[in-house]
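Protein chains in written order, with the working numbering: chain A, 338 to 649; chain B, 338 to 649.
For each residue, glycine too, the CB sits at the ideal point set by N, CA and C.
Written below as C-alpha cells is the structure these notes are about.
There are 2 protein chains.
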Amino acid sequence: MDDPTLEDVAARAGVSRALVSLVMRGSSKVGRERRESVLEAARELGYRPNLMARGLAAGQIGIVGVLLADMHEPVNAAIHDGLAEEAARHDVRLLLTTGRGRPAMERQAVDDLLDLRLDGAVLVGPRMRASEIDRVVHRPLVVLGRSLRSARIDCVTGDDAAAAARAVAHLAALGHRRIACLDLGSRPSPLRRAYEAAVGNPVLTGPDALWRAPGPSTAVLVLGDTTGTAALTALLRAGCDVPGDVSLIVHGDPPGAAAAQVTTVAPPPHELGRLAMGTLLERVRDRAPAKPRRLTVPPLLTERATTGPVRR
Amino acid sequence: MDDPTLEDVAARAGVSRALVSLVMRGSSKVGRERRESVLEAARELGYRPNLMARGLAAGQIGIVGVLLADMHEPVNAAIHDGLAEEAARHDVRLLLTTGRGRPAMERQAVDDLLDLRLDGAVLVGPRMRASEIDRVVHRPLVVLGRSLRSARIDCVTGDDAAAAARAVAHLAALGHRRIACLDLGSRPSPLRRAYEAAVGNPVLTGPDALWRAPGPSTAVLVLGDTTGTAALTALLRAGCDVPGDVSLIVHGDPPGAAAAQVTTVAPPPHELGRLAMGTLLERVRDRAPAKPRRLTVPPLLTERATTGPVRR
DNA sequence: TTGAAAGCGCTAACAT
DNA sequence: ATGTTAGCGCTTTCAA
C-alpha cells in the first residue's frame, strides 16, 4: 500500500531519483561511494522496486508467462522444470496461469498473461482453438505439446510416431509379436493414431479395455500418464506375472512410474521445456519476426521392471 | 509492443479517454449509445487494457499471487483448484510462481509476487524460514499447509492429529491391533509425529521400511503422496493379498490412488484451497488488520479396496 | 557522473 | 452524462 518508493530512497540518500534508478538496476556508471549510500538507504527503508511501474516505463519487464493447460497432468511439472531452468539461465522470471482443463478458462488465462504485457508466453498443451491462439500477434509466443499450422507461432512437440515405433521395436526385440494397445484417455488423439499405425491394429479404449485385449497378447502398451501405472496394479491384482505372462510399457512418465518400476516411453519433458523456453527467449531478444519453427524432441525409452522376453 | 491504447480507442470513437476508461470497466453511468460505439471501436482495434498501467493507477489490480512450493507434489494441483474456484467466485485472477522445492528459489518467487504489487498472496506449503515469511508486511498473506506463529499472517492447515486418529480408528474397527506405520519421506515432520503418537510405536523410515515391519502386523499406514501407492504395488508383487493378508491406508490422496483403489486419509485439498483464498480475499477487501487466524480443516477418509477386516 | 523533465497507459477526483 | 487534470512509480533522453 504505502511501500517506500524510489523517491523516498533518493530523499534519504540525498540524491536524485534517476541516480537511485541506475543503482537499482546495477548500472556501472555510478560512483562507488554514492552507490553504497543508496543501497544503504534502500535497505533501511525496505525498498523494493515496483515491477508494474518499471514495466510500464521500460516496455520490458523480464518476465514471461506460462500457461499450463492442466496442472493435474503430472508431466507438466517436469516440463515446467525445463522451462524454469532455461529461463533462469537468462535471468528471466516465470509467471504461471492455468486453464484447469477447460478451454474457456484457458482463453481467459492467456488473456491475463497478454494483458499484463509480459515479454512473451509459452502455452503448454493448450486445448483452445487454434484460431484463438493465432490471434495473438503482438507478443512472442511458443506452443508446447501441440502442433499448430501457424504463420508466426513456434511449436515444440514430442515425436509421437518415433515413440510408438520405439516401444514396438523394444517389444519386438524381446520376441513379442501380439501386442495390445490401450488408450485410457477419452478422445482420439494424434498420439493414439501414431500407436495405431505402429501396432497395426486398433487401439482399445474404455475403462475395461485391459480385459478386452485379445487372448494371445504377450505385451500391452498403455497410453496416458495418470492411469498408466494403474494398469500394472490391475494386472498384478488379476494374478498376472509381469513381465512373465505379459510385458507392459506405458507411454508417458509419471512420478509413480519410477517407484513402481514401470517401463515407459515418452518425450523427455525437461528437454521439451528447455527447448521451448530457449526458442521463446531468442524471439524476445532479437525481435526479428523470423519464420516460425516446428521443433521436435525424440522419445526416451526407460527400461524398468515390467518388460521382459516373451515366454516360450 | 505497439498495442492500441485507451487513447487510440477514444480517438476512433470520437470521445475522451476517461469515457473509454469507464466503459472498459463496465460503469453504469455511460449512455447506451456511446457505450456501444466505444466497444465497437475497441473491438475493431483489438484493444486490450494494459494491466500494468491499470494497476499502477488504481492501486489494485484484481490479481492475487500463489506460491507453489513444489509443483511435483500432486496434492498441490488439487489445492490450486480450490484456490482458483474461490478466486473465480470473487472475480479475482490468479498468478502462480513456484519454488521448485528449493528455499532459495522460493524466496525469489515470493519476492517476484510482492514486487509486482499484486493484491495479496497465498503461500502453499512454503519451506522457507518463518522469519522471512514474516518479513512481508505490506500485503495480505495467507500460508497454507504450514502452521506459523506470526503476529499478522493467517494459516490454513490440515489436522494431522485428527487424520492419524481417524486412520487408526478405522483400522481398529476392522479388528486390526498390530499396525505398522511407514514414512517414505526423508525428514521428520509434524505429520510423522502425529502418526507416531496415534499408532503408539515408532514410524519406520527408509526405502526398505516396508519389509522391516514387525511380523505380526496386519495393517500398514504409509505417509506420503507420491510413493504411497507404490507401496501397494510392492506388496502385491511380494505376493501379499491386500487386504486379505494386510490392510493398507495411505495418508495423502494422489490422483493414482483412486485408479488403484487405495484407501486414503487426508485433509481435502480442495477445501484447504477454498478456505485459504476466502480468507485472503476477505483481508484484501476490508483491509482491517484483524488478528491472525489459524484455521484447520478436518481430514477425510476415503475407503477403497485396500482395507478389510483382519483375518482370523 | 548527475539532475531535470517528459512520458509509459491508465484511473480518479473534480469540474462542467 | 462527459471532459479536464493530476498523478501512480518508474525509465530515459537530454543537458549540465
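By the neighbour-count definition (other C-beta atoms within 10 Å, threshold 16), N538 (chain A) is an exposed residue. Short of 6 Å from the beta carbon of L572 (chain A), and not among the five residues preceding or following it, lie these beta carbons of its own chain, in chain order: V579. DSSP places D340 (chain B) in no beta strand (DSSP E); its state is neither H nor E. The three-state reading of DSSP puts I416 (chain B) in helix, counting H, G and I together. In this chain, the beta strand (DSSP E) harbouring R631 (chain B) covers R631 to V634. Note that the C-beta distance between L388 (chain A) and L388 (chain B) is not below 8 Å. In this structure, V479 (chain B) lies near T616 (chain B), with their beta-carbon atoms less than 8 Å apart. At a cut-off of 8 Å, the C-beta of D428 (chain B) has no neighbouring C-beta in chain A.
Taking a 10 Å sphere around the C-beta of D339 (chain B), we find fewer than 16 other C-beta atoms and assign the residue as exposed. Contact note: A350 (chain B) does not reach chain A at a C-beta cutoff of 8 Å; the least C-beta distance is about 20 Å. G610 (chain A) sits in a helix when the DSSP states are folded into three classes. In summary, R486 (chain B) is exposed, with fewer than 16 beta-carbon neighbours lying within 10 Å of its beta-carbon over all protein chains present.
Of all residues in the region 591 to 604 of chain B, only P592, G593, A596 and A597 come within less than 7 Å of chain A when Cβ atoms are compared, listed by chain position. Note that the C-beta distance between A424 (chain B) and L431 (chain B) is below 8 Å. Judged by their CB atoms, D345 (chain A) and L393 (chain A) are not nearer to each other than the 8 Å cut-off. If you draw a straight line from the Cα of E422 (chain B) to the Cα of R515 (chain A), it comes to about 47 Å. Taking the Cα of L519 (chain A) as reference, the smallest distance to any Cα among A:L528, A:P525, A:T494 and A:A546 is reached at A:A546. Close to chain A, meaning a Cβ-Cβ distance shorter than 7 Å, are the following residues of the region 553 to 579 of chain B: T563, T564, T566, A567, L569, T570, L573 and R574.
Burial is judged here by how many other beta carbons sit within 10 angstroms of a residue's own beta carbon; H475 (chain B) has fewer than 16 and is exposed. Along the length of the region 449 to 514 of chain A, whole alpha helix (DSSP H) runs at least 4 residues long occupy 467 to 471 and 497 to 510, reported in chain order. The beta carbon of T639 (chain B) sits closer than 6 Å to those of T601, all from its chain and outside the five residues before and after it, given in chain order. DSSP, reduced to helix, strand and coil, places S374 (chain B) within a helical segment of the structure shown. The beta carbon of T435 (chain A) sits closer than 8 Å to some beta carbon of chain B. Listed in chain order, the alpha helix (DSSP H) runs fully inside the region 556 to 620 of chain A are 562 to 574 and 592 to 597, counting runs of at least 4 residues. In the three-state reduction of the DSSP assignment, R624 (chain B) falls in the coil class. A distance of 8 Å or more separates the beta carbons of V587 (chain A) and T555 (chain A). For the set A:P604, A:G462 and A:D456, the Cα lying nearest the Cα of R444 (chain A) is the one of A:G462. With 16 or more other Cβ atoms inside 10 Å of its own Cβ, A517 (chain B) counts as buried. A check of alpha carbon separations from H607 (chain A) across A:V493, A:A458, A:V360 and A:Y384 identifies A:V493 as the nearest. Within chain A, A414 and P592 have C-beta atoms less than 7 Å from the C-beta of H409 (chain B), given in sequence order. Cβ-Cβ distances below 8 Å link V412 (chain B) to D562, G589, D590, P591, A603 and P606 in the same chain, with the five nearest sequence neighbours on each side left out; the list follows chain order. The CB of M389 (chain A) comes closer than 7 Å to the CB of M389, G392, L393, L453 and R454 in chain B, given here in chain order.
Assigned with DSSP and collapsed to three states, D345 (chain B) falls in helix. When the alpha-carbon of T542 (chain A) is set against those of A:P527, A:S523 and A:Y532, the nearest one is in A:S523. By a beta-carbon distance limit of 8 Å, D496 (chain A) does not contact P629 (chain A). Their separation comes to about 18 Å. Collapsing the DSSP output to three states places G392 (chain B) in a helix.
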